[in-house]
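If you use the working numbering, the sequence shown closes out at 776, no skipped numbers anywhere.
All C-beta atoms in this analysis are idealised placements derived from N, C-alpha and C, irrespective of residue type, glycine included.
The structure appears below as structure tokens.
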Amino acid sequence: MDFELPEEARMLTDLVRRFVQDELMPLEPLILEREATGEHASLTEQELKPLYEKCKALGLWGLDVPEHLGGADVGLIAKLAVEEELAKTVTPFIFPPDSPNLHMMMAVADTDQRQRYLEPYARGETISAIAISEPNAGGDPAGMLTKAELRGDDWVINGRKIWISRIKSADFTIVMAVTDQEKRSRGGITAFLVDRDTPGMIIEREIKMLGGRRTYEVVFENCRVPSSQVLGKVGQGFAPMQLRLNTRRIEMGATALGMCQRALDMMIDHAKSRVTFGELLADRQAIQFWISDAATRMHALRLMVWDAAVKAERREEARNESSMIKYFATELATDVIDRAMQTHGAMGVTKELPLQLLWQNVRTMRVYEGPTEVHKWVIARRLLKER
Ligand SMILES: Cc1cc2nc3c(=O)[nH]c(=O)nc-3n(C[C@H](O)[C@H](O)[C@H](O)COP(=O)(O)OP(=O)(O)OC[C@H]3O[C@@H](n4cnc5c(N)ncnc54)[C@H](O)[C@@H]3O)c2cc1C
Numbered sequence: 390m391d392f393e394l395p396e397e398a399r400m401l402t403d404l405v406r407r408f409v410q411d412e413l414m415p416l417e418p419l420i421l422e423r424e425a426t427g428e429h430a431s432l433t434e435q436e437l438k439p440l441y442e443k444c445k446a447l448g449l450w451g452l453d454v455p456e457h458l459g460g461a462d463v464g465l466i467a468k469l470a471v472e473e474e475l476a477k478t479v480t481p482f483i484f485p486p487d488s489p490n491l492h493m494m495m496a497v498a499d500t501d502q503r504q505r506y507l508e509p510y511a512r513g514e515t516i517s518a519i520a521i522s523e524p525n526a527g528g529d530p531a532g533m534l535t536k537a538e539l540r541g542d543d544w545v546i547n548g549r550k551i552w553i554s555r556i557k558s559a560d561f562t563i564v565m566a567v568t569d570q571e572k573r574s575r576g577g578i579t580a581f582l583v584d585r586d587t588p589g590m591i592i593e594r595e596i597k598m599l600g601g602r603r604t605y606e607v608v609f610e611n612c613r614v615p616s617s618q619v620l621g622k623v624g625q626g627f628a629p630m631q632l633r634l635n636t637r638r639i640e641m642g643a644t645a646l647g648m649c650q651r652a653l654d655m656m657i658d659h660a661k662s663r664v665t666f667g668e669l670l671a672d673r674q675a676i677q678f679w680i681s682d683a684a685t686r687m688h689a690l691r692l693m694v695w696d697a698a699v700k701a702e703r704r705e706e707a708r709n710e711s712s713m714i715k716y717f718a719t720e721l722a723t724d725v726i727d728r729a730m731q732t733h734g735a736m737g738v739t740k741e742l743p744l745q746l747l748w749q750n751v752r753t754m755r756v757y758e759g760p761t762e763v764h765k766w767v768i769a770r771r772l773l774k775e776r
């Protein structure tokens, strides 16, 4: 067992830390201002362009893309260290491409789909979304109602999806639909690649979420796609979707670590400078316990994340671990950020500090990729069944 980051990963992390410090942190006031005035708290394409150019020049591109697809293939442990650094700022930014969809596509795309979708996506030239959730089936995606029927050589999709991130700007969306009512999650749900502007895929409304984010409600009305757009095998969409979610949940552990570290640093800095009733906050046991509790639980989370990452790299089963990480990490970050806000008093609840935006972001993280309670239930269910 070795709990040190490999040398290459450490160098990459240092590079990303400097990128965050020099390029993303200065943009925080802009993002905070946008969120405070009700705008989308993100960077515009114009603002992203020079950042992407810098990333390319620094080699911060396609980090987990395999070398044969033109990427750097740094491995999951290094990628997680990168996620952690990026999460220290509230300026939303990812080094393209968005990896969870990448892994799902690498696992199941056929030769033609690799050329048309995977390769441009892996080069960071396209944006993708995934549409799983529905008004009556979110935490339990097996209950989805959207269906696809084979008519001639085309599949016709009908139904409704909700809470879909990025779909408005996505070049293509992976849409999950029922193709066999009897089998459903056991061989009856299929993944389809649906191009932007495909007739019958209608973005019905934009939904404002916490953290200045946006999601979308989308209707499929006789949306016709050729059979060549089936991603993977007919009826076998559920397993690769789960694979995508497992990777994402481990990454969320790293993201939560970065968010916690930012909040803890701010809490410590403030506690060391603020005097109340004649003493520094840093000398109060209440504050000291918050600091030690944060550091101890963050240490546990780091070990959990590394353990799951090593298992995932070895292609070992890590579903339980990724569920544990998902809920432990997001609940922990909620506590740490909240206590950092409390330590700052009134200043902590202003729209001027990034703490409240970190808090808003982690509040949404407790719901997506499976709510806390669902993960706890799944873990317990497995244990009860095994015994
Ligand atoms: C910011 C954001 C972005 C999102 N982006 C996407 C996206 O890009 N694509 C996509 O497909 N979806 C997306 N989602 C949807 C997300 O995956 C779902 O919201 C999530 O799976 C929960 O589903 P639900 O909202 O229907 O809640 P429900 O499933 O109705 O659950 C509601 C609550 O009930 C409780 N609960 C549910 N089941 C159990 C149980 N078995 N035991 C105990 N308690 C339970 C939990 O507290 C849960 O929070 C996004 C959501 C958010 C907030």
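Within 7 angstroms of the C-beta of Trp766 there is at least one heavy atom belonging to ligand 1. Assignment of Val725 by DSSP, reduced to helix, strand and coil, places it in the helix class. Residue burial annotation: Ser662 is exposed, with fewer than 16 other C-beta atoms found within 10 angstroms of its C-beta.
About 5 angstroms separates the beta carbon of Phe484 from that of Leu449, a gap short enough to meet the 8 angstroms contact definition.
Taking a 10 Å sphere around the C-beta of Gln650, we find 16 or more other C-beta atoms and assign the residue as buried.
Looking at the DSSP output, Trp544 shares a beta bridge with Leu539 and Val614. It is roughly 7 angstroms from the alpha-carbon of Asp569 to the alpha-carbon of Gly624. Inter-residue distance for Leu419 and Thr426 is about 11 angstroms (C-alpha atoms, whole angstroms). Looking only at Leu721, Ala511 and Arg585, the smallest Cα-Cα distance to Glu456 is reached by Ala511.
Rounded to whole angstroms, the Cβ separation of Leu452 and Gly460 is 7 angstroms, and the two are in contact under 8 angstroms. The alpha-carbon of Glu706 is positioned some 27 angstroms away from that of Glu396. In the DSSP assignment, Arg691 falls within the alpha helix (DSSP H) that extends over Gln674 to Glu702.
With a minimum length of 4 residues, the unbroken runs of alpha helix (DSSP H) contained wholly in the segment 724–759 fall at 744–754. For Thr579, there is no enclosing alpha helix (DSSP H); the residue is part of the beta strand (DSSP E) that begins and ends at Ile578 to Asp584. Looking at the DSSP output, Met565 bridges to Ala580. Spatial neighbours of Arg423 in its own chain (CB-CB distance under 8 angstroms, excluding positions within 5 residues in sequence) are listed in chain order as His429, Ala430, Ser431 and Gly601. Residue pairing of Lys597 in beta bridges, as defined by DSSP: Arg603.
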